[in-house]
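Notes for the one structure printed next.
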Amino acid sequence: MNKRFAALALIALSLALAACGQSQPDDSDSTGGTSADEVNLVLAAYTTPREAFAEIIPLFQASWLAETGQTVTFEESYQGSGAQSRAVVEGFEADIVALSLEADVIRIQEAGLLTHDWKAVGADGIMSTSIVAFAVRAGNPLGIADWDDLAAEGVEVLTPNPATSGGAMWNVLALYGAALRGHVDGVPEGDPQAAFEFLKAVLGNVLVMDDSARDSITNYEQGIGAVAITYENEVLVGQQAGTDYELVIPTSTILIQNPVAVVDAYVDEHGTREAAEAFVEFLFTPAAQEVFSRFGLRSIDPQVAAATADQYPPVADLFTIDFFGGWPQARENIFGESGVFNRAIQEVQGQ
5 MNKRFAALAL IALSLALAAC GQSQPDDSDS TGGTSADEVN LVLAAYTTPR
55 EAFAEIIPLF QASWLAETGQ TVTFEESYQG SGAQSRAVVE GFEADIVALS
105 LEADVIRIQE AGLLTHDWKA VGADGIMSTS IVAFAVRAGN PLGIADWDDL
155 AAEGVEVLTP NPATSGGAMW NVLALYGAAL RGHVDGVPEG DPQAAFEFLK
205 AVLGNVLVMD DSARDSITNY EQGIGAVAIT YENEVLVGQQ AGTDYELVIP
255 TSTILIQNPV AVVDAYVDEH GTREAAEAFV EFLFTPAAQE VFSRFGLRSI
305 DPQVAAATAD QYPPVADLFT IDFFGGWPQA RENIFGESGV FNRAIQEVQG
355 Q
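Taking this note's numbering, I'd label the letters of the sequence shown as residues 5 to 355.
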């Protein structure tokens, strides 16, 4: 059996298990804590905002020290959003989760660990946004311009594994949604079967599926693949670091919305609620939003967004998760055991 197809079959199985809430336990056992002079917060985040948090955390620490006289230390964990969410459910005692998508917060809610209205903070709990885009080689030698180019024969595609990566789920929704919306050549608008066949065609070109969006773009930087489907901000951060790949924004793509929330069960156990809530609130301040923007994330602060609008090219057809009926429906219909993605993977494997 082709090794690529064998790997895709394994991904389908692992994704089905993930949809049922089964996963391997995370080996982290960190616990937060607090005293009159010091508080320790455990942050569980998806991989791509690592550089932004490296600047935001010191800003918050200085602000909190000046306001309260208390020193804040952080334990930081970064991995694929789905893997991070399941680790928290299975006992990784994170005070704060900063994840790629709402479905991963919902998993923590369903486990009874997150009980407050996390959407009451900031912009409905969404700390930053991005879009699904492509990274292509310098000079774009294959002339990649839109989604249909990814289905062409011989185009080696990278995208992460939806079983572990929130970015991968956004990628699937973006390409399948663009097809359903009539923005893929040869796929009629509103034709689920034609969109399904297009999804299969792209998956047939996928060379490797890594655990996270960061792992995927790192492999791309090492010369693997012709095009990477990824967060726009991953491409922009890579360019800031001196890489020579280029950003391509497809005609139609999805708005990535990244949530943040305090995990009630763990902050109450650790006695860290006050500092944890303050940190989450700090993420919505102009100071933090400016940092997110400098690292390629589209700000949810109207003034910061307006000031940085020139950094982000417009999208002809930008849609949201609401196109799929919201995350509960998308999680079941697209990524469930008999969902669109798993059926596509199984059929690709069987070819």
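No residue lacks a Cβ here, since even glycine has one placed at the ideal position from N, Cα and C.
Per DSSP, which residues does Leu45 bridge with? Please list them. Counting from 1 along the sequence shown, the entry for residue 45 is found at position 41. Answer by DSSP bridge pairing, in chain order: Phe78.
When you compare only the Cα positions, how much space is there between Gly181 and Asp321? Your numbering for residue 181 matches position 177 in the sequence shown. Your numbering for residue 321 matches position 317 in the sequence shown. Cα to Cα, the separation comes out at about 11 Å.
Under DSSP, the beta strand (DSSP E) around Met173 begins and ends at which residues? Counted from its first residue, the sequence shown places residue 173 at position 169. Premise fails: Met173 lies in the alpha helix (DSSP H), 170-184, not in any beta strand (DSSP E).
Measure how close the beta-carbons of Asp152 and Gly190 come, nearest whole angstrom, since I'm counting them as under 8 Å. Here residue 152 is taken as the residue at index 148 of the sequence shown, counted from 1. Here residue 190 is taken as the residue at index 186 of the sequence shown, counted from 1. Between Gly190 and Asp152 the Cβ distance is about 7 Å, and since that is below 8 Å, they are a contact.
Note down, in chain order, each residue of its chain lying with its Cβ closer than 6 Å to the Cβ of Gly126, except the 5 sequence neighbours on either side. The sequence position of residue 126 within the sequence shown is 122, counting from 1. Excluding positions up to five away in sequence, the list reads Phe288.
Could you spell out the range, first to last residue, of the alpha helix (DSSP H) harbouring Ala70? Within the sequence shown, numbered from 1, the residue matching residue 70 stands at position 66. Per DSSP, Ala70 belongs to the alpha helix (DSSP H) from 54-72.
Beta-carbon spacing of Phe200, Leu179 below 9 Å: Here residue 200 refers to the residue found at position 196 of the sequence shown. Here residue 179 refers to the residue found at position 175 of the sequence shown. Cβ distance not < 9 Å, so Phe200 and Leu179 don't count as in contact.
Chain-order list of residues whose beta-carbon lies under 7 Å from that of Thr77 (same chain, five-residue window excluded): For the purposes of this step, residue 77 is taken as residue 73 along the sequence shown, with counting starting at 1. Excluding residues within five positions, the ones whose Cβ falls inside 7 Å are Glu42, Asn44.
Do you know how far the Cα of Ala348 is from the Cα of Gly227? For the purposes of this step, residue 227 is taken as the residue at position 223 of the sequence shown. For the purposes of this step, residue 348 is taken as the residue at position 344 of the sequence shown. Answer to the nearest angstrom: the Cα atoms are 27 Å apart.
Ser297 lies in the alpha helix (DSSP H); which residues open and close that run? Within the sequence shown, numbered from 1, the residue matching residue 297 stands at position 293. Where Ser297 is concerned, the enclosing alpha helix (DSSP H) stretches over 290-298.
Determine, using beta carbons only, whether Thr234 and Val319 come nearer to each other than 9 Å. Walking along the sequence shown from the start, residue 234 turns up at place 230. Walking along the sequence shown from the start, residue 319 turns up at place 315. Not in contact: Thr234 and Val319 (Cβ atoms no closer than 9 Å).
Let me make sure I understand the geometry here. Which of Val109, Ala115, Pro290, Glu273 has the alpha-carbon closest to that of Ala310? Mapped onto the sequence shown, residue 310 falls at position 306. Per the Cα distances, Pro290.
Would you report the Cα separation of Val231 and Ile260, rounded to the nearest angstrom? Walking along the sequence shown from the start, residue 231 turns up at place 227. Walking along the sequence shown from the start, residue 260 turns up at place 256. Going by C-alpha positions, Val231 is about 20 Å away from Ile260.
Quick check on the burial criterion: 16 or more other C-beta atoms within 10 angstroms. Buried or exposed for Gly377? Since the first residue shown for the chain is 5 and the last is 355, residue 377 is missing from the structure and cannot be characterised.
Would you report the Cα separation of Thr247 and Asp214, rounded to the nearest angstrom? Mapped onto the sequence shown, residue 247 falls at position 243. Mapped onto the sequence shown, residue 214 falls at position 210. Thr247 and Asp214: Cα-Cα distance of roughly 20 Å.
Whole angstroms is fine: what's the gap from Gly340's alpha carbon to Tyr82's? In the sequence shown, residue 340 corresponds to position 336, counting from 1. In the sequence shown, residue 82 corresponds to position 78, counting from 1. Going from the Cα of Gly340 to the Cα of Tyr82 covers about 25 Å.
How big is the Cα-Cα spacing for Ala56 and Phe296? For the purposes of this step, residue 56 is taken as residue 52 along the sequence shown, with counting starting at 1. For the purposes of this step, residue 296 is taken as residue 292 along the sequence shown, with counting starting at 1. The alpha-carbon atoms of Ala56 and Phe296 are separated by roughly 6 Å.
Considering only C-alpha positions, which residue in the set Ala205, Asn223, Leu69 is nearest to Val212? Along the sequence shown, one-based indexing puts residue 212 at 208. If we check each option's Cα against that of Val212, Asn223 comes out closest.
Where do the N-terminal and C-terminal ends of the beta strand (DSSP E) with Phe138 fall, by residue? Numbered from its first residue, the sequence shown carries residue 138 at position 134. Element bounds for Phe138: 130-140.
Below 8 Å on the Cβ atoms is my contact criterion, and I expect Phe299 with Ala292 to pass it. Report the Cβ-Cβ distance as a whole number of Å. The count along the sequence shown starts at 1 and reaches residue 299 at position 295. The count along the sequence shown starts at 1 and reaches residue 292 at position 288. So it is not a contact: roughly 11 Å between Cβ atoms.
Using DSSP with H/G/I as helix, E/B as strand and the rest coil, what is Thr222? Locating residue 222 in the sequence shown gives position 218, counting from the first residue. DSSP, reduced to helix, strand and coil, places Thr222 within a helical segment of the structure shown.
Measure the CB-CB distance between Val267 and Leu146 and report whether it falls below 9 Å. For the purposes of this step, residue 267 is taken as the residue at position 263 of the sequence shown. For the purposes of this step, residue 146 is taken as the residue at position 142 of the sequence shown. No.
May I ask which residues mark the beginning and end of the beta strand (DSSP E) holding Phe323? Taking the sequence shown and counting its residues from 1, the one referred to as residue 323 is at position 319. 321-323 is the span of the beta strand (DSSP E), which, as asked, contains Phe323.
Name the DSSP bridge partner or partners of Gln261? Looking up residue 261 in the sequence shown gives position 257. Partner(s): Thr133.
According to DSSP, which residues form a beta bridge with Ser216? The count along the sequence shown starts at 1 and reaches residue 216 at position 212. Beta-bridge pairing links Ser216 to no other residue.
Is it buried or exposed, Leu177, if we count other Cβ atoms within 10 angstroms and call 16 or more buried? Working through the sequence shown from its first residue, we reach residue 177 at position 173. Buried.
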